[in-house]
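Novice: Here's a structure for you.
Number of protein chains: 2
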Amino acid sequence: MATIKDVAKQAGVSVTTVSRVLNGTAPVNIKTKEKIMQAIDTLQYSPSIMAQGMRTKKSKTLGVLVPDYMNPFYHELFKYIEDAVRQEGYHMLTISTQEEVEDENSYITDLVNRNVDGIIVCSYKGEKETITYLLQLAKTMPVIFLDHFDIKQSINAVFTDGYNGIKEVTKHMIDKGHKNIAFIRPPVRYQVANDRYEGYKDAMQVARLPVNEELIYEGNYHIESGYAAAKYFLTQAKVKPTAIVSATDLMAIGAVNFIKSQGLSMPEDIAVAGYDDIYISKLMTPPITTYRQPIAQMAQTAVQIFIHKINHPTANNRQVMLAGHLMVRRSTDRDKPQVEKIVYK
Amino acid sequence: MATIKDVAKQAGVSVTTVSRVLNGTAPVNIKTKEKIMQAIDTLQYSPSIMAQGMRTKKSKTLGVLVPDYMNPFYHELFKYIEDAVRQEGYHMLTISTQEEVEDENSYITDLVNRNVDGIIVCSYKGEKETITYLLQLAKTMPVIFLDHFDIKQSINAVFTDGYNGIKEVTKHMIDKGHKNIAFIRPPVRYQVANDRYEGYKDAMQVARLPVNEELIYEGNYHIESGYAAAKYFLTQAKVKPTAIVSATDLMAIGAVNFIKSQGLSMPEDIAVAGYDDIYISKLMTPPITTYRQPIAQMAQTAVQIFIHKINHPTANNRQVMLAGHLMVRRSTDRDKPQVEKIVYK
DNA sequence: GTGAAAGCGCTAACAC
DNA sequence: GTGTTAGCGCTTTCAC
Chain B
3 MATIKDVAKQ AGVSVTTVSR VLNGTAPVNI KTKEKIMQAI DTLQYSPSIM
53 AQGMRTKKSK TLGVLVPDYM NPFYHELFKY IEDAVRQEGY HMLTISTQEE
103 VEDENSYITD LVNRNVDGII VCSYKGEKET ITYLLQLAKT MPVIFLDHFD
153 IKQSINAVFT DGYNGIKEVT KHMIDKGHKN IAFIRPPVRY QVANDRYEGY
203 KDAMQVARLP VNEELIYEGN YHIESGYAAA KYFLTQAKVK PTAIVSATDL
253 MAIGAVNFIK SQGLSMPEDI AVAGYDDIYI SKLMTPPITT YRQPIAQMAQ
303 TAVQIFIHKI NHPTANNRQV MLAGHLMVRR STDRDKPQVE KIVYK
Chain V
3 MATIKDVAKQ AGVSVTTVSR VLNGTAPVNI KTKEKIMQAI DTLQYSPSIM
53 AQGMRTKKSK TLGVLVPDYM NPFYHELFKY IEDAVRQEGY HMLTISTQEE
103 VEDENSYITD LVNRNVDGII VCSYKGEKET ITYLLQLAKT MPVIFLDHFD
153 IKQSINAVFT DGYNGIKEVT KHMIDKGHKN IAFIRPPVRY QVANDRYEGY
203 KDAMQVARLP VNEELIYEGN YHIESGYAAA KYFLTQAKVK PTAIVSATDL
253 MAIGAVNFIK SQGLSMPEDI AVAGYDDIYI SKLMTPPITT YRQPIAQMAQ
303 TAVQIFIHKI NHPTANNRQV MLAGHLMVRR STDRDKPQVE KIVYK
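Going down the list, the protein sequences come from chains B and V.
Numbers 3 to 347, taken from the working numbering, label the letters of the first sequence in order.
Numbers 3 to 347, taken from the working numbering, label the letters of the second sequence in order.
Set out below in structure tokens:
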């Protein structure tokens, strides 16, 4: 790998001058500039991001922390964040905690040690230690949460309205005539996505339907737990639900899988709905009713906040709640098609 | 962020000594060591990966280049590579070319500029320029291809036997009595996965079945193209196929989607099979017959080669072809269940 | 067992 | 417009 020194030598100038044409930090004689460009080209020079970061404490990189590489929600996020970030001349650096509870912070530190210029945080849990650490970090660099956290301090956050989202989904079930509506909730000990649980309860209460503890199952965000939830509801619960609302699509898919394995049909025997609208949901049979998170828009908004904060470090933190959208499909509505119309390019 | 200097000052020693306990490069008095550990702890010190990389030209990082963040195949890969790499004390840094044909090399350069210690390359295309660049890079650091490339030079590569894989899938269709078997192939201009096409043709020839050009559709690896392929086969081709073999599961899923939208059933009206065994395939209705790539094993093998090459830079390059496995499911076999039994944790 | 000093590749004063 | 110099945080001779 050629260094800036090599380029300087080749072009017969000082490294400073090379740096100047590289960064446009000061005017350079057009002739010299050409010579330098020439040298850069023949040497196939490209500046070391590490050395640059070393000096400037910047790396033109946005770190993205997710809990899990296998969740489709994050793939879509990656794609859109990367797209947005690239347009701004930045790179994306992803890291997954693989849900290793013990030390979420060390992954964040890893990002920091790579001199990322900011961090987008997605989390299943939102543990106190992590939040504290991130809050401290936020004094140094932009930190944007992509989840709903009930935090007193000022933070940047982008999220959809999980409370009203699930409330709407639940209300949709109620409108369909369901009374025994089960809910697959996120882990109790994590505060993330708790608002979805609240949305479920409130929708029930508004309709004067009892919230039956037996019809609440604690999932863990994975397909398997949705499967287990449905199994529990259909084989163990004393009151059999006629509808299942899941806090996430992935768990809803697990539930759908179990229900199909029992030879039951949706929505006739039991209705199922999720939250997220990951792209698999509409490919399933039946296609799954869900509450669409506008992932592209979320990603773009988060990146905008990041960029703005980079350029205006003293800018106020922003919480942006984006509107989601109920997507009614066959899993709850027999009038919808067995195969979802998909807009193909 | 505390630096090594801060730690040294706090512990009343030189930075050299701190570095020594950090890296265990030389014996340090147990008492001094304790003081230093103490300081590291209170200052929450953690070395800058950039500065380290600067000096050592290493970063304890393995770069992974993929063409597309939305393909489930790569998510599984990410997960397993990350797992394997972490065990060795390394990090994974992913980058996606988002299929921007123009300049695949710049993404690789980006990885290099971050001082990655090696690169795992997945590609849809395998353009000549990219290969040339990577071959050159391979002189400097471990480069491992996770695709089958028909390259004369010595390279590291891990892949499944696409030729025999698709041959087996096609033969499976033939055994089921199909004669007009269509094939969704990868883009002609990309040399990657061409072996799968060869496998299809040879399987047909072995069975003395004609390879009908009209039943070959050129896909682009995306769901949409599988949908388009099926649409073409069923509405435009003069000879209607009774079976479709797809070079990838994702395209097979697109085909399944179109077929279902026509109210046709699989495998009765038409049989469909793919290649990869991404986790969605078995969740589909019907579950899709496919040829399983042992992704976890591929990831582990690639990481092993990487680590070995790091420790023995002069080690020979290795090509590892892993055995895949035909997974017969309902989309080709009416005796299989409508819902695939999935092993839940 | 420990420290001083050089230097990795780069940028940013500061001179000229 | 251009070059000299210092220094980012770290590791690594080379002394002691």
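Every residue, glycine too, gets a C-beta built ideally from N, C-alpha and C.
On a predicted model such as this, the values are computed, not experimentally measured, just so you know.
Using the Cα positions of Gly-65 (chain V) and Leu-113 (chain V), report the straight-line distance between them to the nearest angstrom.
Specialist: Here residue 65 (chain V) refers to the residue found at position 63 when the second sequence is read from its first residue. Here residue 113 (chain V) refers to the residue found at position 111 when the second sequence is read from its first residue. Distance between the alpha carbons of Gly-65 (chain V) and Leu-113 (chain V) is about 6 Å.
Novice: Check for me: the alpha helix (DSSP H) holding Ala-304 (chain B) runs from which residue to which?
Specialist: In the first sequence, the residue the question calls residue 304 (chain B) occupies position 302. Where Ala-304 (chain B) is concerned, the enclosing alpha helix (DSSP H) stretches over 297-313.
Novice: Which two residues bound the contiguous alpha helix (DSSP H) that contains Arg-88 (chain B)?
Specialist: Start at 1 with the first residue of the first sequence, and residue 88 (chain B) comes out as number 86. For Arg-88 (chain B), the enclosing alpha helix (DSSP H) starts and ends at 74-89.
Novice: Does the beta carbon of Thr-132 (chain V) come closer than 8 Å to any beta carbon on chain B?
Specialist: The residue you call residue 132 (chain V) lines up with position 130 of the second sequence. By this cut-off, Thr-132 (chain V) is not an interface position.
Novice: If contacts are defined as beta-carbon pairs under 8 Å, then Ile-38 (chain V) and Thr-19 (chain V) qualify, I think. What distance do you get, rounded to the angstrom?
Specialist: Within the second sequence, numbered from 1, the residue matching residue 38 (chain V) stands at position 36. Within the second sequence, numbered from 1, the residue matching residue 19 (chain V) stands at position 17. Yes, they are in contact, since the Cβ atoms of Ile-38 (chain V) and Thr-19 (chain V) sit about 7 Å apart, within 8 Å.
Novice: Specify the secondary structure class of Thr-292 (chain B) as computed by DSSP and reduced to three states.
Specialist: Locating residue 292 (chain B) in the first sequence gives position 290, counting from the first residue. DSSP places Thr-292 (chain B) in strand when its eight states are reduced to three.
Novice: So is Ala-86 (chain V) buried or exposed if we call it buried at 16+ other beta carbons inside 10 Å?
Specialist: Reading the second sequence from its first residue, position 84 is the one you call residue 86 (chain V). So Ala-86 (chain V) ends up on the buried side.
Novice: Closest by CA to Glu-106 (chain B), which one among B:Tyr-126, B:Gly-91, B:Tyr-92 and B:Asn-117?
Specialist: Position 104 of the first sequence, counting from 1, holds the residue named residue 106 (chain B). When only C-alpha atoms are compared, the closest one is B:Tyr-126.
Novice: Only counting the same chain, and skipping five residues up and downstream in sequence, which positions put a Cβ closer than 6 Å to that of Val-213 (chain B)?
Specialist: Numbered from its first residue, the first sequence carries residue 213 (chain B) at position 211. Excluding residues within five positions, the ones whose Cβ falls inside 6 Å are Lys-203 and Met-206.
Novice: Scan the region 66-78 of chain B for residues whose Cβ lies nearer than 9 Å to a Cβ of chain V and list them as they occur along the chain.
Specialist: Residues Asp-70, Tyr-71, Met-72, Asn-73, Pro-74, Tyr-76, His-77 and Glu-78.
Novice: Gly-55 (chain V) CB to nearest chain B CB: under 8 Å?
Specialist: Translated into positions along the second sequence, residue 55 (chain V) becomes position 53. Cβ-Cβ to chain B under 8 Å: yes for Gly-55 (chain V).
Novice: Can you check whether the C-beta of Asp-251 (chain V) is within less than 8 Å of a C-beta belonging to chain B?
Specialist: The count along the second sequence starts at 1 and reaches residue 251 (chain V) at position 249. No - not a single Cβ of chain B is within 8 Å of the one on Asp-251 (chain V).
Novice: Nearest to Thr-316 (chain V) by alpha carbon, out of V:Lys-141, V:Leu-95 and V:Gly-228?
Specialist: Along the second sequence, one-based indexing puts residue 316 (chain V) at 314. Selected option, being the one with the closest Cα: V:Lys-141.
Novice: Within 10 angstroms of its Cβ, does Asp-271 (chain V) collect 16 or more other Cβ (buried), or is it exposed?
Specialist: The count along the second sequence starts at 1 and reaches residue 271 (chain V) at position 269. If you draw a 10 Å sphere on the C-beta of Asp-271 (chain V), you find fewer than 16 other C-beta atoms in it, and that means exposed.
Novice: Any idea which residues DSSP pairs Gly-120 (chain V) with across the strands?
Specialist: Here residue 120 (chain V) corresponds to residue number 118 of the second sequence, with the count starting at 1. DSSP, once it has assigned bridges, lists V:Leu-64 as partnering Gly-120 (chain V).
Novice: In three-state terms, what does DSSP make of Ala-245 (chain B)?
Specialist: Counting from one through the first sequence, the residue named residue 245 (chain B) turns up at place 243. Note: Ala-245 (chain B) maps to strand in three-state DSSP.
Novice: With distances taken between CB atoms, is the gap from Pro-269 (chain V) to Ser-333 (chain V) smaller than 8 Å?
Specialist: In the second sequence, counting from the first residue as 1, residue 269 (chain V) sits at position 267. In the second sequence, counting from the first residue as 1, residue 333 (chain V) sits at position 331. Going by C-beta atoms, Pro-269 (chain V) is nearer than 8 Å to Ser-333 (chain V).
Novice: Looking at the unbroken beta strand (DSSP E) that takes in Leu-95 (chain B), where does it start and where does it end?
Specialist: Taking the first residue of the first sequence as position 1, residue 95 (chain B) is located at position 93. Residue range 93-98 is occupied by the beta strand (DSSP E) that includes Leu-95 (chain B).
Novice: Could you pull out every residue in the same chain whose Cβ sits closer than 6 Å to the Cβ of Tyr-92 (chain B), ignoring the five residues on either side in sequence?
Specialist: For the purposes of this step, residue 92 (chain B) is taken as residue 90 along the first sequence, with counting starting at 1. Around Tyr-92 (chain B): Lys-62 and Leu-64.
Novice: Say whether chain V places a C-beta atom closer than 8 Å to the C-beta of Leu-24 (chain B).
Specialist: Taking the first residue of the first sequence as position 1, residue 24 (chain B) is located at position 22. No, Leu-24 (chain B) lies away from the interface with chain V (no Cβ there is under 8 Å from its Cβ).
Novice: Please name the residue or residues paired with Gln-187 (chain B) in a DSSP beta bridge.
Specialist: If you number the first sequence from 1, residue 187 (chain B) lands on position 185. Residue identity differs from the one stated: residue 187 (chain B) is Arg in this sequence, not Gln. Paired residues: B:Glu-220.
Novice: Terminal residues of the continuous alpha helix (DSSP H) containing Thr-58 (chain B)?
Specialist: Walking along the first sequence from the start, residue 58 (chain B) turns up at place 56. Note, Thr-58 (chain B): alpha helix (DSSP H), 51-58.
Novice: At the level of alpha carbons, what is the spacing between Tyr-277 (chain V) and Ser-248 (chain V)?
Specialist: Position 275 of the second sequence, counted from the start, is the residue given in the question as residue 277 (chain V). Position 246 of the second sequence, counted from the start, is the residue given in the question as residue 248 (chain V). Whole-angstrom Cα-Cα distance: 7 Å.
Novice: Measure the C-alpha to C-alpha separation of Ala-232 (chain B) and Asn-196 (chain B) and round it to an integer number of angstroms.
Specialist: Counted from its first residue, the first sequence places residue 232 (chain B) at position 230. Counted from its first residue, the first sequence places residue 196 (chain B) at position 194. A direct Cα-to-Cα measurement between Ala-232 (chain B) and Asn-196 (chain B) gives close to 20 Å.
Novice: Can you find a CB in chain B that lies within less than 8 Å of the CB of Gln-100 (chain V)?
Specialist: Position 98 of the second sequence, counted from the first residue, corresponds to residue 100 (chain V). Chain B contact via Cβ: present.
Novice: How would you write the range of the beta strand (DSSP E) that Phe-147 (chain V) sits in, first residue to last?
Specialist: Numbered from its first residue, the second sequence carries residue 147 (chain V) at position 145. Note, Phe-147 (chain V): beta strand (DSSP E), 145-147.
Novice: Ignore the nearest five residues each way along the sequence and tell me which others in Ile-282 (chain V)'s own chain have a CB closer than 8 Å to its CB.
Specialist: Walking along the second sequence from the start, residue 282 (chain V) turns up at place 280. Only Pro-74, Asp-251 and Ile-255 meet the Cβ criterion.
Novice: Does the region 142-162 of chain B come close enough to the region 175-190 of chain B to have 3 or more Cβ pairs within less than 8 Å?
Specialist: no
Novice: Compute the Euclidean distance between the alpha carbons of Glu-215 (chain V) and Ala-239 (chain V), then round it to the nearest angstrom.
Specialist: As a working mapping, residue 215 (chain V) is identified with position 213 in the second sequence. As a working mapping, residue 239 (chain V) is identified with position 237 in the second sequence. Approximately 10 Å, taken between the alpha carbons.
Novice: Closest Cβ-Cβ distance between Pro-315 (chain V) and chain B: below 8 Å?
Specialist: For this step, residue 315 (chain V) is matched to residue 313 along the second sequence. Pro-315 (chain V) does not count as touching chain B.
Novice: Less than 8 Å between the C-beta atoms of Tyr-293 (chain V) and Ala-257 (chain V), yes or no?
Specialist: Counting from 1 along the second sequence, the entry for residue 293 (chain V) is found at position 291. Counting from 1 along the second sequence, the entry for residue 257 (chain V) is found at position 255. No, the Cβ-Cβ distance between Tyr-293 (chain V) and Ala-257 (chain V) is not below 8 Å.
Novice: Considering just the uninterrupted stretch of the alpha helix (DSSP H) at Asn-196 (chain B), what are its terminal residues?
Specialist: Position 194 of the first sequence, counting from 1, holds the residue named residue 196 (chain B). Counting along the chain, the alpha helix (DSSP H) containing Asn-196 (chain B) begins and ends at 196-208.
Novice: For Met-329 (chain V), which beta-bridge partners are listed by DSSP?
Specialist: As a first step, residue 329 (chain V) is located in the second sequence; it is residue number 327 there, counting from the start. Note: Met-329 (chain V) sits in a beta bridge opposite V:Thr-292.
Novice: Based on the DSSP output, what are the partners of Thr-162 (chain B) in its beta bridges?
Specialist: Counting from one through the first sequence, the residue named residue 162 (chain B) turns up at place 160. For Thr-162 (chain B), which the question treats as bridged, DSSP gives the partners B:Leu-324.
Novice: Does any residue of chain B have a CB that is nearer than 8 Å to the CB of Met-329 (chain V)?
Specialist: As a position in the second sequence, residue 329 (chain V) is number 327, starting the count at 1. Judged by the 8 Å Cβ criterion, Met-329 (chain V) is not in contact with chain B.
Novice: Consult DSSP for Val-15 (chain V) and reduce its assignment to one of helix, strand or coil.
Specialist: In the second sequence, the residue the question calls residue 15 (chain V) occupies position 13. If DSSP states are grouped into helix, strand and coil, Val-15 (chain V) belongs with coil.
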